[in-house]
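Heads up: the structure comes next, in structure tokens.
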Amino acid sequence: MGRCLTLIFLLLGALLGGCSRSTGSDSAAADWKTTEVDHKYSFQMPGEPEIKAAKQDSPVGEVELRIYTLMLDQDRRSFMFSATEMPSAKPEPVGQDIELQLDRAQQGALDHQQSKLLESRKIKFEGYPGLDFLTELPNQDISRVRFILMKRTLIGLQVVNINSKDANRFFDSLKLLDKSAAPEPKTQDKP
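Every position in the sequence shown, counted from 1, becomes a number in the working numbering once 23 is added.
In structure tokens, the structure reads:
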């Protein structure tokens, strides 16, 4: 339960400037299941995640948070997906505000989990900007986090102590189902 709350606060911290468990020890051999979120996104985990939804007051207004978690091996390994909707009163970030939001998300994750940044890189998902980074948690667990900012929604994916093959499978399984939500392709003006 403590790790679930950590993940919730991690995501709320990013916006603001009892978890499902499986006793299986080999996620590669597990039956990976696809989960669909509001006909907007889908992802896969090696088991059925527990879903938590909450509305939370914040300095930017009420935020809606949904977290899907799957814990393995007495919480030593975990998968997490989240989608956090920004309040409609808050303007959609554009330009440098996008990078600022993603940087705040990363710093919020580091600060809240008191973790050490090992590496970070910018990514794109379906045209949306994001960050993918590795951290070392205080107990020396290794966490990989990916944040993607999709207009008014912050998508978060996190694995803790998951081998690279399974982490890549989880991150690569994210699909954008509602293609109308994808940004317009950027075109260059002809000289």
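The C-beta atom is built at its ideal place from N, Cα and C for all residues, glycine as well.
Buried or exposed for residue i, please, with buried defined as at least 16 other CB atoms from any protein chain shown within 10 angstroms of its CB.
i	result
Gly-150	exposed
Asp-120	exposed
Val-117	exposed
Ser-138	buried
Leu-93	buried
Phe-102	buried
Leu-141	exposed
Ser-166	buried
Ala-76	exposed
Asp-54	exposed
Leu-154	buried
Leu-180	buried
Confirm, please, whether the CB-CB distance from residue j to residue i is below 7 Å.
i	j	result
Leu-88	Leu-125	no
Thr-158	Ala-106	no
Phe-193	Arg-169	no
Arg-7	Asn-191	Residue 7 cannot be examined here, being either before or after the span of the chain that is shown, 24 to 214.
Among all the DSSP beta bridges, which residues are the ones paired with residue i?
i	result
Lys-188	Per DSSP, none; premise fails for Lys-188.
Arg-169	Asp-155, Leu-180
Val-86	Gln-79
Met-109	In DSSP, Met-109 forms no bridge with anything.
Are the stretch 159-168 and the stretch 63-77 touching by the rule of at least three beta carbon pairs closer than 8 Å? Too few Cβ pairs lie closer than 8 Å, so no.
May I ask you to verify whether the stretch 189-199 touches the stretch 123-134, counting CB pairs closer than 8 Å and requiring at least 3? Contact between the stretch 189-199 and the stretch 123-134 is absent, because fewer than three Cβ pairs lie under 8 Å.
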